[in-house]
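When we follow the numbering used here, the leftmost residue of the sequence shown carries the number 512, and every step to the right adds one.
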Amino acid sequence: NLYGVNAGYKIDDATRAEGYYWLKDTQKKAYTAVAGSHSKGDNTQVIGARIGNVQMKDDMDISSQAELAYQFGKFHETSTTKTVSRRAMAAQGAVTVGFKNAKYVPSFTLLGAWFSGKKDQNDGTTEGDKYYKGWDPMFENQKFGDIANQSFDQTNARIVGVAGTAKPADDVMLKGEDYAYWWDQPYRAGSTGVLSRTGYSLNMTHKRFAGQELDLTATYDYTEDVQFGLLCGMFFP
């Protein structure tokens with residue numbers, strides 16, 4: 512079950528602030544063989560705030576945004592069938608500069624994101640921590656790199672990216688993106704219990720740097736209701 516509320520406030524003509532609260536309650540309960548009873552299911556609560564600003568000038572537009580969120584609740588460990596408390600954080604920010612009167616209407620974006628993590632995403636206590644600090648991506652509606660998003664959950668990550676767009680024609684948009692990824696908490700060398708979204712078991716090293724991705728996208732607006740896109744991406748682990 513999912514419950515939530517989002518409130519927005521217009522500070523001035525250029526600035527808007529938002530605050531939100533979400534509760535994701537997993538009703539499934541796990542049977543604890545040792546205790547002979549059923550443990551509580553996952554319970555994830557999120558509070559956060561976001562502020563955005565858009566400055567419109569004669570020759571360019573500058574938009575910026577920053578967001579910070581905190582997660583708490585309960586996390587059910589699959590390895591010990593125990594339930595521990597959550598304590599996770601996430602933050603992100605971006606600045607975009609667009610040149611609306613220049614040829615091809617170029618824009619450039621610099622962004623960064625952080626999602627707290629655990630070396631072992633299924634366990635909350637093996638690393639000596641009192642709380643489970645892995646960020647729960649819940650129902651993400653954004654991505655930082657198409658291949659990385661298909662391969663890894665949006666957790667335990669530090670991300671820096673740059674992006675640029677251009678319009679060689681009114682109905683054609685070209686976009687280039689370059690992202691670099693670091694683990695928030697590096698894995699132990701030789702760890703093989705990490706699973707990607709593709710189902711592969713990964714053999715990790717102790718290094719924090721995870722890789723880099725380059726994406727190129729072309730979008731064609733055939734009509735107001737029909738759009739075609741072509742994406743070419745490469746991930747360098």
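Don't be surprised by glycine CBs; every beta carbon is placed ideally from N, CA and C.
Nothing here was measured: the structure is a model prediction, and the numbers come from that model.
DSSP state of residue i mapped onto helix, strand, coil
i	result
residue 667	coil
residue 554	strand
residue 574	strand
residue 662	helix
residue 657	helix
residue 699	coil
residue 707	coil
residue 529	strand
residue 719	coil
Cβ-Cβ distance between residue i and residue j below 8 Å
i	j	result
residue 617	residue 677	yes
residue 724	residue 659	yes
residue 599	residue 647	yes
residue 653	residue 623	no
residue 566	residue 525	yes
Residue i burial status per 10 Å Cβ neighbour count (16 or more: buried)
i	result
residue 667	buried
residue 726	buried
residue 672	buried
residue 701	exposed
residue 557	buried
Same chain only: Cβ atoms within 6 Å of residue i, ignoring 5 sequence neighbours per side
i	result
residue 530	518, 560
residue 547	Only weak support is given to the placement of residue 547: the predicted model assigns it a pLDDT of 48, under 50, and the question is left unresolved by the model.
Neighbourhood of residue i by C-beta distance below 7 Å, restricted to the same chain and skipping five residues each side
i	result
residue 749	Residue numbering for the chain in the displayed model covers 512 to 748; residue 749 lies beyond these limits and cannot be assessed.
residue 460	Past the boundaries of the shown model lies residue 460; the chain is included only from 512 to 748, so the question cannot be answered.
Give, in chain order, every unbroken run of the beta strand (DSSP E) that is at least 3 residues long and sits entirely within the segment 585-630.
594-609, 618-626
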